[in-house]
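Q:
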Amino acid sequence: MTVSKRRANGALAALSVAAFTFVTTEVLPIGLLTVMAEDLGRSDSQIGLLVTGYAAVVVLASIPLTRLTGHIPRRQLLTVTLAVFVAGVLVTAVAANYWVLLAARLAVALTQALFWSVVGSTATGLFPPEVRGRAIARFAVGASLSPVIGVPIGTWIGQQAGWRVAFLVMAAVGLATCVAVAALVPTFAPADGGAARGTAPDARRYAILVVACAIGVAGSLTAYTYVTPFLLDVSGFTPAALGPLLLVCGVAGVAGTLMVGPFLDRSPWGALVVPLTVSVVALLALYTLGGTKAAAVTASALTLMAYAAFAAAVQNRTLQVAPGSTDLAGAGSGTAFNLGIAAGSLLGGGLIQTEGVRSVALAGAGLAAAALALLLAEPRLTRSARSGPGAGALAREPVVELGPRG
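Heads up: the sequence shown begins at 145 in our numbering, then just goes up one per residue.
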C-alpha cells in the first residue's frame with residue numbers, strides 16, 4: 145500500500161482527534177462525577193459505574209468485534225464506527241434517567257472496543273517501519289490531550305450549562321471527526337496494511353505485556369477515577385478549582401506522551417518500566433501527602449504523566465511483539481487495558497465506601513508496583529523464549545531496539 149506523505153499525515157491527525165474524542169467521552173464522567181450524581185440523584189460510586197461498565201463492555205467486545213469485522217476495509221470500518229459513536233453520545237445527552245444513560249454509555253463502549261483494536265495498525269501502517277515509533281507517539285498525543293482540553297472544558301461546560309450540554313459538544317466533535325476520517329483514511333484491506341504483523345513477534349513477551357498492562361492500568365484508575373472527590377475531600381480544594389486542576393494534570397499527560405516518544409523504538413522495555421516506576425512513587429506520595437494541596441497536585445500530575453506514557457508504550461510494544469495479527473493483538477492489549485480501567489474504578493468505588501477516598505491512592509500504588517515487578521522479571525521469564533525470528537536476541541536483552549532506527 146502506497147500513500148502520499150501528506151495524506152498519511154492528514155489521516156494520522158484525524159485518527160488522533162478520533163482518539164481524543166473517544167478518551168474524552170469515556171472519562172468525562174470523572175470530571176462531572178459530582179454534577180451528574182446530584183442531577184440524577186445517584187451516589188458517586190454509581191456514577192463511577194458509568195466508567196466501570198463502559199470499560200467492561202470494551203473488555204468483552206474487543207476480540208469478538210475485531211474477528212467479526214476483520215475483512216472490512218479500514219476507512220469504511222472506522223467511519224461507521226464513529227457514526228455509531230455519535231448516535232450513542234446523542235442518546236447519552238438526552239437520556240431521561242440513569243438506566244437509559246447507562247445503556248447508551250454501554251452502546252458507545254462497543255464502538256470504542258472496535259476503534260482501539262484496529263486504529264494502531266491502521267495509523268502506523270501508513271508509514272515506513274523506521275518511523276512507526278514516532279507515528280505512535282504523534283497519534284497518542286490526541287489521547288493525552290483529552291485531559292488537557294476535553295475533560296477540563298467538558299467539566300467547565302457541565303458546571304456552567306449542565307452535564308448534558310457537555311455530551312452534546314462531544315457528539316458534535318465526533319461528527320466532525322467522522323467526516324475527516326472518511327475523507328482522509330485510505331481504503332485498504334486489513335492484510336494490506338503495512339503494520340498487519342508484528343515486527344518482532346514474541347508470544348511470551350506479548351503475554352507478559354497484556355498482564356502487566358491490566359495490572360498497571362488498574363493501579364492508575366483505582367486512584368484517578370476518584371481524583372475529583374479526593375481533591376475535594378482530602379486536599380480541600382473547592383469545586384471551582386477542579387477545571388484548572390484537571391488542566392494541570394492533562395498538561396502533564398501530554399508531557400508524558402512527548403517524553404516517551406523518542407524511546408519507543410530505541411528502548412521499548414524501558415519505555416514501559418520507567419512510567420510504572422513513576423506511578424508507584426507518585427501514588428505513594430498522593431496517599432501520604434494528599435492533604436497538602438501542592439503535593440496533591442504534583443502527585444496527581446505525575447500519575448497522569450506516567451499513565452499517558454505507559455499507554456503509548458503499551459500500544460507501541462503490542463505492534464512489535466504481536467505473535468500474529470496486530471489487530472487481534474491490539475484487541476488483546478486493549479481488552480487488558482480496559483479490564484484494568486474497569487477493575488480499578490470498581491476497586492476504587494468499593495474502597496471509598498469502606499475505607500475512605502484516601503485509600504484509593506495506596507491501593508493504586510500497590511497495583512502499579514505489582515505490574516512493575518512483572519516487567520522487571522521479563523528477562524528471566526523469557527530467557528528461553530523461541531517464538532519467532534529475532535526471539536533469541538529479544539530474550540537476551542529487554543532494552544534493545546526492536547524496530548529499525550529512525
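From the three backbone atoms N, C-alpha and C, an ideal C-beta is built for every residue, glycine too.
1. Have a look at residue 205 and residue 482 and give me their C-alpha separation to the nearest angstrom.
2. Within its chain, find whatever has a CB closer than 7 angstroms to the CB of residue 431; leave out the 5 residues flanking it on each side and keep chain order.
3. Cα separation between residue 246 and residue 274?
4. Let's see if you can read the secondary structure: which residues bound the alpha helix (DSSP H) around residue 413?
5. Taking the alpha helix (DSSP H) that residue 482 falls in, what are its first and last residues?
6. One question on the structure: do residue 405 and residue 287 come within less than 7 angstroms of each other, judged by their Cβ atoms?
7. In three-state terms, what does DSSP make of residue 527?
8. To the nearest angstrom, how far is the alpha carbon of residue 262 from that of residue 396?
9. Under 8 angstroms, with one C-beta from each stretch per pair, do the stretch 297-308 and the stretch 513-520 reach the 3-pair mark?
10. For residue 267, tell me which candidate among 156, 496, 219, 213 has the shortest Cα-Cα distance.
11. Among 500, 394, 460, whose alpha-carbon lies nearest the alpha-carbon of residue 376?
12. When burial is assigned at 16 or more other CB atoms within 10 Å of the CB, is residue 291 buried or exposed?
13. Between which residues of its own chain and residue 220 is the CB-CB distance below 8 angstroms, once the five residues before and five after are set aside?
14. How many whole angstroms separate the CB atoms of residue 252 and residue 229, which I take to be in contact at a CB cut-off of 8 angstroms?
15. Using a 10 Å radius around the Cβ and a threshold of 16 neighbouring Cβ atoms, would you call residue 241 buried or exposed?
16. Name the residue from 296, 327, 328 whose alpha carbon lies nearest to the alpha carbon of residue 314.
17. Am I right that residue 445 and residue 392 are in contact with their C-beta atoms under 8 angstroms? What's the rounded C-beta distance?
18. Report the rounded CA-to-CA distance for residue 154 versus residue 383, giving the unit in angstroms.
19. Helix, strand or coil for residue 155 per DSSP?
20. For residue 200, tell me which candidate among 486, 448, 172 has the shortest Cα-Cα distance.
21. Leaving out the 5 sequence neighbours to the left and right, which residues in its chain are closer than 7 angstroms to residue 226 when beta-carbon positions are compared?
22. Determine the closest residue to residue 249 out of 181, 194, 465, with distance taken between C-alpha atoms.
23. Skipping 5 residues on each side, what residues in its chain have a beta carbon closer than 6 angstroms to that of residue 358?
24. Can you tell me the Cα-Cα spacing of residue 390 and residue 172, whole angstroms?
A: With the structure as the only source:
1. 11 angstroms
2. 502, 505, 506, 509
3. 43 angstroms
4. From DSSP, residue 413 is part of no alpha helix (DSSP H); its letter is neither H nor E.
5. 470-498
6. no
7. Residue 527: coil per DSSP, three-state reduction.
8. 27 angstroms
9. no
10. 156
11. 500
12. buried
13. 331
14. 6 angstroms
15. exposed
16. 296
17. 6 angstroms
18. 39 angstroms
19. Annotated three-state conformation of residue 155 is helix, per DSSP.
20. 486
21. Within its own chain, the residues whose Cβ lies closer than 7 angstroms to the Cβ of residue 226, once the five positions on either side in sequence are excluded, are 162, 318, 321, 322, 325, listed in chain order.
22. 194
23. 480, 483, 484, listed in sequence order.
24. 11 angstroms
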